[in-house]
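K.L.:
Attaching a single structure in structure tokens format; questions to follow.
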Amino acid sequence: MEHLHFSARARRRDRLKRRLASIAIVSLIATMLGIPGMDLGWRLIGRFSGSSGIAQAGGFGGIETSESTEGMLKFRQKIFASRPTPTPKDNAPAPAEESSETATATTTTVAAPSGSITDIIYKAAAEFGLSGAYLVSVAHCESTLNPQAVNPAGYYGLFQFGEGTWNTYGYGSIFDPTAQARTAARLIAAGQSSRWPNCA
23 MEHLHFSARA RRRDRLKRRL ASIAIVSLIA TMLGIPGMDL GWRLIGRFSG
73 SSGIAQAGGF GGIETSESTE GMLKFRQKIF ASRPTPTPKD NAPAPAEESS
123 ETATATTTTV AAPSGSITDI IYKAAAEFGL SGAYLVSVAH CESTLNPQAV
173 NPAGYYGLFQ FGEGTWNTYG YGSIFDPTAQ ARTAARLIAA GQSSRWPNCA
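In structure tokens:
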């Protein structure tokens, strides 16, 4: 009968404890997923349990939440430092000088650059026996064919690789479209298209 609380004060205190525990659990999960600023869960659990060293107990091995946040911030700083700076493009060509003697109309066609994003993706698809159109559609869905794309959730580049996946399977810069296309083609050819659940 000791666990039964008959007073309104005791019931409110129990409801508050349950709410704090729920908030702490959600915050802990968010912290473990690397969402910055979500170390509130550790503080709530420390307050709730009455000890400030709760992060070292319970099988967490002394991992502090600030370490994961700092690690993620350091990784992002490293990524942005290695990201190539875009070169400004002139939208309007300089007018050509014409003499009154030779004012003839000429038309020229400009071929697509050989290193265009779709060419890179088609080459990677052919290397791993995939359809180039399919691989382009995945890249278009993920980053609209922008090799410099950054998702605030922690995904980078043409095929939006996460830090862990890139460190395991990728090579070179995470913003290199050739490396991204070859890594994505290799993973999809190996049957791991589920890594792109919304696009592949």
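Residue numbers (this note's numbering): 23 to 222.
Note that the Cβ used here is the ideal one computed from N, Cα and C, for glycine as well.
By the three-class DSSP mapping on this structure, what secondary structure does G184 have?
P.N.:
Your numbering for residue 184 matches position 162 in the sequence shown. Strand, per DSSP.
K.L.:
On the DSSP bridge list, what partners appear for Y191?
P.N.:
The residue you call residue 191 lines up with position 169 of the sequence shown. Answer by DSSP bridge pairing: none, since Y191 is not bridged.
K.L.:
Tell whether a beta-carbon distance below 8 Å holds between Y291 and I101.
P.N.:
Only positions 23 to 222 of the chain appear in the structure, and residue 291 is not among them; the question remains open.
K.L.:
Whole-angstrom Cβ separation of E164 and C221, contact assumed at under 8 Å?
P.N.:
The count along the sequence shown starts at 1 and reaches residue 164 at position 142. The count along the sequence shown starts at 1 and reaches residue 221 at position 199. With a Cβ gap of about 5 Å, E164 and C221 count as contacting.
K.L.:
Quick check: what's the CA-CA separation for L50 versus R37?
P.N.:
The residue you call residue 50 lines up with position 28 of the sequence shown. The residue you call residue 37 lines up with position 15 of the sequence shown. Each residue's Cα considered, the two are about 20 Å apart.
K.L.:
Hey, how far is the Cα of A32 from the Cα of A46?
P.N.:
To locate residue 32, count along the sequence shown from 1; it is residue 10. To locate residue 46, count along the sequence shown from 1; it is residue 24. Spanning the two alpha carbons is a distance of roughly 21 Å.
K.L.:
One question on the structure: do G151 and A211 come within less than 8 Å of each other, judged by their Cβ atoms?
P.N.:
Numbered from 1 along the sequence shown, position 129 holds the residue referred to as residue 151. Numbered from 1 along the sequence shown, position 189 holds the residue referred to as residue 211. Yes; because the gap between Cβ atoms is below 8 Å, this pair is in contact.
K.L.:
Where DSSP assigns a beta bridge to V172, which residues make up the other side?
P.N.:
As a first step, residue 172 is located in the sequence shown; it is residue number 150 there, counting from the start. Paired residue(s): Y178.
K.L.:
Which residues mark the beginning and the end of the alpha helix (DSSP H) in which T22 is found?
P.N.:
What the structure shows of the chain is the stretch from 23 to 222, and residue 22 is not part of that stretch, so it cannot be assessed.
K.L.:
For A161 versus F181, is the C-beta distance shorter than 8 Å?
P.N.:
Sequence index remark: in the sequence shown, residue 161 carries index 139 (1-based). Sequence index remark: in the sequence shown, residue 181 carries index 159 (1-based). Yes. Within cutoff.
K.L.:
For the alpha helix (DSSP H) containing T53, name the first residue and the last one.
P.N.:
Indexing the sequence shown from 1 puts residue 53 at position 31. Element bounds for T53: 30-54.
K.L.:
Can you tell me whether DSSP reads Q214 as helix, strand or coil?
P.N.:
By 1-based counting over the sequence shown, the position of residue 214 is 192. Looking at Q214 - three-state DSSP - the assignment turns out to be coil, as it is neither helix nor strand.
K.L.:
For K96 and T53, what's the separation of their Cα atoms in angstroms?
P.N.:
Translated into positions along the sequence shown, residue 96 becomes position 74. Translated into positions along the sequence shown, residue 53 becomes position 31. Distance between the alpha carbons of K96 and T53: 16 Å.
K.L.:
How is G154 classed by DSSP in three states: helix, strand or coil?
P.N.:
In the sequence shown, counting from the first residue as 1, residue 154 sits at position 132. Note: G154 maps to helix in three-state DSSP.
K.L.:
For N166, which of helix, strand or coil comes out of DSSP?
P.N.:
Taking the first residue of the sequence shown as position 1, residue 166 is located at position 144. For the sequence presented, residue 166 should be read as Thr rather than Asn. T166 falls in the coil class under three-state DSSP.
K.L.:
Taking buried to mean at least 16 other C-beta atoms within 10 Å of its own C-beta, is R34 buried or exposed?
P.N.:
Start at 1 with the first residue of the sequence shown, and residue 34 comes out as number 12. That one is exposed.
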